[in-house]
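Residue numbers (our numbering): 9 to 315. Where a beta carbon is used, it is the ideal one built from N, C-alpha and C, also for glycine.
Below you can see the structure in the form of structure tokens.
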């Protein structure tokens with residue numbers, strides 16, 4: 009089977025089996041670069057089924073989750089928004105507004121053909137079961153402590169912060185595809201410790217020994233190896249902790265240098281800095297970037313987290 013046909017079969021599963029799109033659905037496609045094979049597969053699949061949709065091209069040069077004002081008007085009209093973009097729209101302010109109006113937003117940042125096809129490999133029932141198990145251990149708890157073999161040692165509170173990642177039951181929501189994470193916004197000023205970054209995109213790997221120090225919820229120091237990450241965060245409120253995430257997708261086995269894939273790897277933790285206002289946090293920033301931590305030990309109010 010050709011790659012194009014594989015992409016279309018995967019698009020059919022996502023669009024019609026999982027999202028339940030009908031001919032009358034108000035669909036908006038958002039793109040930010042060309043050629044974009046995944047975008048084209050989604051577009052072709054919708055057209056073949058007779059689904060009428062709108063398209064918006066947004067600025068490719070923006071940061072992840074930076075504002076996309078050029079899409080605002082169409083996003084306010086749409087009920088289903090699909091964004092296989094190079095730069096994420098997941099936590100963009102326009103996405104938040106669309107969700108508040110009841111739109112379902114499917115964000116696929118930095119999607120590749122390889123990662124898109126992972127949707128077919130994922131066991132959605134298993135991911136949901138693992139997610140429920142994780143949430144049962146986090147619900148009502150406060151202190152999180154994370155250590156890794158490479159030296160990460162960080163703690164923070166998640167007290168009363170929303171826990172996100174199970175199949176959405178609300179009318180409006182934002183979700184990544186492929187999915188497979190449970191996450192929340194730490195109480196920002198409570199984060200203390202240090203992180204030895206295992207992976208960040210294809211820019212940082214364990215042998216680099218990239219290190220950042222966190223004090224009062226903010227990055228305060230770093231070494232030379234961490235500069236590829238720190239330089240991207242050097243904007244308003246970009247040094248503030250944003251997210252504590254837990255990977256739950258067993259189809260994702262090892263890092264490939266793509267955050268959309270890597271943050272879902274079963275048994276891993278990801279920590280992000282920057283914007284978190286879209287999922288219960290208080291920090292507004294034009295950036296949001298995740299770091300991957302491998303083989304973590306996580307204590308929740310002193311008890312070891314079990315996947």
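Residue i - containing beta strand (DSSP E), residue span
i: residue 65; result: 61-65
i: residue 296; result: 296-301
i: residue 161; result: 161-165
i: residue 184; result: 181-184
i: residue 314; result: It is not in any beta strand (DSSP E) - residue 314 carries neither H nor E in the DSSP assignment.
i: residue 154; result: 151-155
i: residue 254; result: 249-255
i: residue 307; result: 305-308
i: residue 260; result: Looking at the DSSP string, residue 260 is not in any beta strand (DSSP E), and its letter there is neither H nor E.
i: residue 280; result: 277-282
i: residue 172; result: It is not in any beta strand (DSSP E) - residue 172 carries neither H nor E in the DSSP assignment.
i: residue 287; result: Run containing residue 287: none; DSSP gives neither H nor E here.
i: residue 190; result: 189-192
Short Cβ contact (8 Å threshold) for residue i with residue j
i: residue 197; j: residue 271; result: no
i: residue 294; j: residue 55; result: no
i: residue 99; j: residue 260; result: no
i: residue 181; j: residue 112; result: yes
i: residue 307; j: residue 279; result: no
i: residue 90; j: residue 50; result: yes
i: residue 95; j: residue 82; result: no
i: residue 33; j: residue 87; result: yes
i: residue 23; j: residue 16; result: no
i: residue 255; j: residue 169; result: no
i: residue 237; j: residue 277; result: no
i: residue 21; j: residue 57; result: no
i: residue 156; j: residue 263; result: no
i: residue 253; j: residue 315; result: no
i: residue 223; j: residue 160; result: no
i: residue 59; j: residue 35; result: yes
i: residue 125; j: residue 258; result: no
i: residue 267; j: residue 298; result: yes
i: residue 177; j: residue 245; result: no
Sequence-distant residues of its chain with Cβ nearer than 6 Å to residue i (five each side left out)
i: residue 231; result: 219
i: residue 195; result: 165
i: residue 227; result: 220, 247
i: residue 128; result: 18
i: residue 286; result: 99, 104
i: residue 174; result: 139
i: residue 172; result: 191, 287
i: residue 243; result: 294, 295
i: residue 153; result: 163, 307
i: residue 269; result: 123, 260
Same chain, Cβ closer than 8 Å to residue i, neighbours up to 5 away in sequence not counted
i: residue 66; result: 38, 39, 40, 76, 78, 79, 93, 97
i: residue 216; result: 205, 233
i: residue 11; result: 45, 121
i: residue 143; result: 171, 173, 174, 190
i: residue 102; result: 75, 76, 77, 79, 80, 83
i: residue 240; result: 71, 246, 295, 297
Integer-rounded CB distance, given that residue j should sit under 8 Å from residue i
i: residue 123; j: residue 27; result: Not quite, the Cβ-Cβ distance comes to about 18 Å (not below 8 Å), so this is no contact.
i: residue 46; j: residue 116; result: 7 Å
i: residue 186; j: residue 118; result: Not confirmed; about 12 Å, so no contact.
i: residue 191; j: residue 251; result: 6 Å
i: residue 72; j: residue 193; result: Residue 72 to residue 193, Cβ: 16 Å. No contact.
Own chain partners of residue i with C-beta closer than 7 Å, once the 5 adjacent residues on each side are dropped
i: residue 265; result: 209, 210
i: residue 225; result: 196, 197, 198, 199, 248, 249
i: residue 179; result: 110
i: residue 2; result: The structure shown does not extend to residue 2, since the chain is modelled only from 9 to 315, so the question has no answer here.
i: residue 167; result: 150, 195
i: residue 290; result: 196
i: residue 68; result: 40, 41, 94, 95
i: residue 53; result: 16, 19, 20, 23
i: residue 281; result: 227, 241, 246, 247, 248, 249, 250, 297
Host alpha helix (DSSP H) of residue i (start-end)
i: residue 268; result: 267-270
Completely contained alpha helix (DSSP H) runs for the region 197-244, where each covers 4 or more residues: Along the length of the region 197-244, whole alpha helix (DSSP H) runs at least 4 residues long occupy 235-241, reported in chain order.
Where are the alpha helix (DSSP H) runs, 4 residues long or more, that stay fully inside the region 57-133, in chain order? As far as the region 57-133 is concerned, its whole alpha helix (DSSP H) runs of at least 4 residues are 80-85, 101-108, 121-129.
Enumerate, from N- to C-terminal direction, the unbroken beta strand (DSSP E) stretches of 3 or more residues contained entirely within the region 9-62. Taking 3 residues as the shortest admissible run, the region 9-62 contains the following complete beta strand (DSSP E) segments, listed from N- to C-terminal end: 35-39.
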